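Residue numbers (UniProt numbering): 1 to 212. Beta carbons are placed, not taken as given, at the ideal position from N, Cα and C, and that holds for glycine. Since we're looking at a predicted model, the values are computed, not measured. All remarks here apply to the structure that follows.
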């Protein structure tokens with residue numbers, strides 16, 4: 001297979017959820033090409049809509065396959081490059097916890113935090129109709145997950161689940177969409193000590209235009 005076919009093309013904007021995938025790519029350690037798209041015209045261009053009809057980033061193209069949605073991209077990259085050690089082996093029973101927390105963050109956490117920020121939380125009597133139940137229950141569950149991380153969600157093995165869950169925790173504490181809790185702070189400090197997180201953050205920050 002040609003090197004062009006093996007190339008990872010990464011579509012992003014440095015002020016978007018693309019930062020999650022940038023971090024994951026830096027953890028994987030494989031070469032990739034970054035295509036920065038502007039909000040609006042860039043993401044809604046016919047060329048990009050052919051890749052992601054949602055007109056949103058992040059997205060990657062690898063081996064002719066388009067993958068969108070941050071959690072899906074993280075999971076895909078971990079399996080595409082198993083030597084990176086970013087996912088438990090297919091016969092490892094910890095794979096259940098890996099997927100559990102990865103998609104808990106992509107589902108209930110993302111939905112509950114967004115709903116609260118927009119003032120659109122379901123009323124208590126309708127909690128059973130939404131996937132997150134209640135904001136409080138979701139946050140408490142997230143806290144228990146990261147409080148038990150020693151140091152990571154799967155113990156000593158850092159995985160794509162830590163990239164995605166960790167991104168939710170870091171953003172939530174920064175923008176105060178999650179309450180300040182010791183478990184979130186301690187987990188966040190461990191995440192920010194990773195060289196891949198530091199590289200990814202520096203790369204994305206350098207792409208943000210300075211304020212006039």
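Using a Cβ distance threshold of 8 Å, determine whether the region 180 to 194 contacts the region 159 to 166, with at least three qualifying pairs required.
At 8 Å Cβ cutoff, the stretches touch.
According to DSSP, is residue 198 helix, strand or coil?
Residue state, collapsed to three classes: helix.
Would a C-beta distance cut-off of 8 Å place residue 14 and residue 170 closer than the cut-off?
Result no, Cβ atoms of residue 14 and residue 170 do not sit closer than 8 Å.
Under three-state DSSP, which class holds residue 30?
Coil.
Measure the Cβ-Cβ separation of residue 109 and residue 168 and say whether it is below 8 Å.
Yes.
With distances taken between CB atoms, is the gap from residue 114 to residue 29 smaller than 8 Å?
In this structure, residue 29 does not lie closer than 8 Å to residue 114 by Cβ.
Suppose the cutoff is 7 Å on Cβ atoms and the five residues either side in sequence are ignored; what does the same chain contact list for residue 43 look like?
These residues qualify, in order along the chain: 37, 55, 56 and 57.
Whose CA, out of 11, 137 and 17, lies closest to the CA of residue 166?
The shortest Cα separation from residue 166 among 11, 137 and 17 belongs to 17.
How is the beta strand (DSSP E) around residue 132 delimited, first residue to last?
Neither: residue 132 is in no beta strand (DSSP E) and is coded neither H nor E.
So the alpha helix (DSSP H) residue 81 belongs to, where does it begin and stop?
That residue, residue 81, is in no alpha helix (DSSP H); it is neither H nor E in DSSP.
Residue range of the alpha helix (DSSP H) that residue 160 falls in?
160 to 174 is the span of the alpha helix (DSSP H), which, as asked, contains residue 160.
Where do the N-terminal and C-terminal ends of the alpha helix (DSSP H) with residue 39 fall, by residue?
Taken as a continuous stretch (DSSP letters only), residue 39 belongs to no alpha helix (DSSP H), as it is neither H nor E.
Can the beta-carbon of residue 59 be found closer than 8 Å to that of residue 68?
In this structure, residue 68 lies closer than 8 Å to residue 59 by Cβ.
Is the region 95 to 112 touching the region 122 to 138 in the sense that three or more CB pairs, one from each, lie closer than 8 Å?
The region 122 to 138 is in contact with the region 95 to 112.
In terms of residues, what are the limits of the beta strand (DSSP E) holding residue 66?
Looking at the DSSP string, the run of the beta strand (DSSP E) that includes residue 66 is 65 to 68.
Can you tell me the Cα-Cα spacing of residue 127 and residue 174, whole angstroms?
Looking at the two C-alpha atoms, the distance is approximately 27 Å.
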